[in-house]
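Peer 1:
Residue numbers (UniProt numbering): 1 to 424.
Following this line, the structure appears as structure tokens:
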């Protein structure tokens, strides 16, 4: 099979790394890719949101399967355009991708499907939104309806903080048009986990769960980020909980979307809040999480490629995946200043030494090569230092050994990844 992976982050590096191992693969491209992905795939200079360019490339090169990494091209209709040209694609249609493209749409679907979740309101009027906040009180959660690169969410612990979030998002448009509509919802307490399932439009099969670390600082302090680290398995997520989430969250969503004439194909990422052994849905995303994808790929023993093709073809029935019993853990190296403003094009040294630590794979997220061939940081989240080990302590020790082998003074990471698992 000739395969094109769309995207250029850590998630896409992990997907390319895993797909490269498939005996079914004849050629692998990644658009646009990055300095790490070029070691496992041919990088193509087409932006992830250049739908016309991606479709033209897939046609010209007779690509057998396109795998969409990020959510933005799916929300722009990449899957629809590819299908019109008779090209297989792993990822939902534009209509189905609204599960991430519109938080209000997602909450409506979840409510209709009777999936356990937080109460909510949808608002396009700033005063109505503020009135709802005052009526409900704090803590409360304020979200932009549209895509905001994972940053359009404020968990407000006070009324003032919630009202300020409404002003910022809807009044000052700090996230642009994403804040034209707001979703305001109940604050759920507990332990967060990320769960993934593959869907073929009619049914779904479970992948596994992971726990990530959203806040930038040790001890879960500071602003939210796209994710500073993750690990799998997540001790909070038992086999019984996996069954519960499939029955109460994933399968009802797949059935509801099919009933609405928007069948869902691809990976469905459920953000969950777990309390007293019960899970409630925080949100759905329409792609693999980043950095969760890195630990999922590190633990997956099965060949990924035929499974993604089966999902694209609507033929997941009877497929079973095999997973390693080992623990996988990823530490994200970010540029100093992230998630605020940060310096770009700083040189990253020590990558070879870091990659030689036992059990470690370095996935690149925001990297490129400069004129002299050196790897430089181009994004906020830059590397995913991923390790496997017999237990979480071993995986963590290996990951931080590799982090310390890097020579990148302009980078930083959290030093407490998997603290919950270790505390158990």
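A virtual CB, placed ideally from N, CA and C, is assigned to each residue, including glycine.
What first and last residue would you give for the beta strand (DSSP E) that runs through residue 211?
Peer 2: Looking at the DSSP string, the run of the beta strand (DSSP E) that includes residue 211 is 204-212.
Peer 1: Just confirm the distance between the C-beta atoms of residue 272 and residue 186, as a whole number of angstroms; I'd bet it's less than 8 Å.
Peer 2: Incorrect: roughly 15 Å between the Cβ atoms, too far for contact.
Peer 1: Tell me, to the nearest whole angstrom, how far the beta carbon of residue 365 is from that of residue 382; I am working on the premise that it is less than 8 Å.
Peer 2: Correct: roughly 6 Å between the Cβ atoms.
Peer 1: Take every Cβ of the segment 171-190, pair it with every Cβ of the segment 244-261, and state whether three or more of those distances are shorter than 8 Å.
Peer 2: With a cut-off of 8 Å, the segment 244-261 and the segment 171-190 do not count as touching, because too few Cβ pairs lie within range.
Peer 1: Going by DSSP, what residues sit across from residue 30 in a beta bridge?
Peer 2: Bridge partners of residue 30: 5, 43.
Peer 1: Between residue 319 and residue 331, is the Cβ-Cβ spacing less than 8 Å?
Peer 2: No. Outside cutoff.
Peer 1: Taking the straight line between their C-alpha atoms, what separation do you get for residue 22 and residue 123?
Peer 2: When rounded, the distance between both Cα atoms is 47 Å.
Peer 1: In chain order, which alpha helix (DSSP H) runs of at least 4 residues are fully inside the segment 94-160?
Peer 2: As far as the segment 94-160 is concerned, its whole alpha helix (DSSP H) runs of at least 4 residues are 98-101, 103-112, 126-136.
Peer 1: Starting from residue 59 and walking both ways along the alpha helix (DSSP H), at which residues does that stretch end?
Peer 2: Here the alpha helix (DSSP H) through residue 59 covers 51-60.
Peer 1: Can you tell me which of 99, 73, 343, 387 puts its alpha carbon nearest to the alpha carbon of residue 410?
Peer 2: For residue 410, the nearest C-alpha among the options comes from 343.
Peer 1: Going straight from the alpha carbon of residue 219 to that of residue 59, what length do you get?
Peer 2: Going from the Cα of residue 219 to the Cα of residue 59 covers about 48 Å.
Peer 1: Taking the C-alpha atoms as reference points, what is the distance between residue 349 and residue 391?
Peer 2: Roughly 29 Å separates the two Cα atoms.
Peer 1: Give me the residue from 2, 160, 68 with the minimum Cα distance to residue 285.
Peer 2: When only C-alpha atoms are compared, the closest one is 68.
Peer 1: Please classify residue 294: is it buried, with 16 or more other beta-carbons within 10 angstroms of its beta-carbon, or exposed?
Peer 2: Residue 294 should be labelled buried.
Peer 1: Let's test the definition: count the other Cβ atoms within 10 Å of the Cβ of residue 223 and tell me whether it reaches 16, buried, or not, exposed.
Peer 2: It counts as exposed.
Peer 1: With DSSP collapsed to three states, give me the class of residue 362.
Peer 2: Of the three classes helix, strand and coil, the one that applies to residue 362 here is strand, per DSSP.
Peer 1: Where residue 175 and residue 33 are concerned, what is the direct C-alpha to C-alpha distance, given to the nearest angstrom?
Peer 2: So the alpha carbons of these two residues sit roughly 26 Å apart.
Peer 1: Would you list, in sequence order, the uninterrupted alpha helix (DSSP H) runs of no fewer than 4 residues that lie entirely inside the segment 326-407?
Peer 2: Counting only runs of 4 or more, we get 351-355, 392-405.
Peer 1: Over the uninterrupted alpha helix (DSSP H) stretch that includes residue 230, give me the two end residues.
Peer 2: No alpha helix (DSSP H) contains residue 230, which is instead part of the beta strand (DSSP E) from 229-232.
Peer 1: How far does the alpha helix (DSSP H) with residue 169 in it reach, from first residue to last?
Peer 2: Premise fails: residue 169 is in no alpha helix (DSSP H) and is neither H nor E.
Peer 1: Look up residue 321 in the DSSP assignment and say whether it is helix, strand or coil.
Peer 2: It is coil, neither helix nor strand.
Peer 1: Would you list, in sequence order, the uninterrupted alpha helix (DSSP H) runs of no fewer than 4 residues that lie entirely inside the segment 235-302?
Peer 2: Qualifying alpha helix (DSSP H) stretches, in chain order: 239-245, 251-259, 292-299.
Peer 1: Would you call the segment 252-261 in contact with the segment 104-121, where contact means no fewer than 3 C-beta pairs closer than 8 Å?
Peer 2: A contact exists between the segment 252-261 and the segment 104-121.
Peer 1: To the nearest angstrom, how far is it from the Cα of residue 76 to the Cα of residue 107?
Peer 2: Their backbone Cα atoms lie some 20 Å apart in a straight line.
Peer 1: Where does residue 305 fall in DSSP's three states?
Peer 2: Residue state, collapsed to three classes: helix.
Peer 1: Along the beta strand (DSSP E) that carries residue 199, what are the first and last residues, could you check?
Peer 2: Note, residue 199: beta strand (DSSP E), 191-200.
Peer 1: Check whether the segment 78-94 touches the segment 124-132, counting contact only when three or more Cβ pairs, one atom from each stretch, lie closer than 8 Å.
Peer 2: As far as the Cβ criterion goes, the segment 78-94 does not touch the segment 124-132, which means the pair count is below three.
Peer 1: To the nearest angstrom, report how far apart residue 402 and residue 162 are at their CA atoms.
Peer 2: Cα to Cα, residue 402 sits roughly 40 Å from residue 162.
Peer 1: Taking DSSP as the reference, what is the three-state secondary structure of residue 88?
Peer 2: Coil.
Peer 1: What is the DSSP secondary structure of residue 63, reduced to helix, strand or coil?
Peer 2: Coil at residue 63, not helix or strand.
Peer 1: Is residue 184 helix, strand or coil when you go by DSSP?
Peer 2: In the structure shown, residue 184 sits in a strand (DSSP, three-state: E or B).
Peer 1: Return the CA-CA distance between residue 154 and residue 25, expressed in angstroms with no decimal places.
Peer 2: Whole-angstrom Cα-Cα distance: 43 Å.
Peer 1: Could you pull the DSSP bridge partners for residue 68 from this structure?
Peer 2: Partner(s): 6.
Peer 1: How far does the alpha helix (DSSP H) with residue 215 in it extend, from its first residue to its last?
Peer 2: Counting along the chain, residue 215 falls outside any alpha helix (DSSP H), though it belongs to the beta strand (DSSP E) covering 215-217.
Peer 1: Mapping DSSP to helix, strand and coil, what is residue 176?
Peer 2: Of the three classes helix, strand and coil, the one that applies to residue 176 here is helix, per DSSP.
Peer 1: Go ahead and label residue 301 buried or exposed: buried means 16 or more other beta carbons lie within 10 angstroms of its beta carbon, across all protein chains shown.
Peer 2: Result: exposed.
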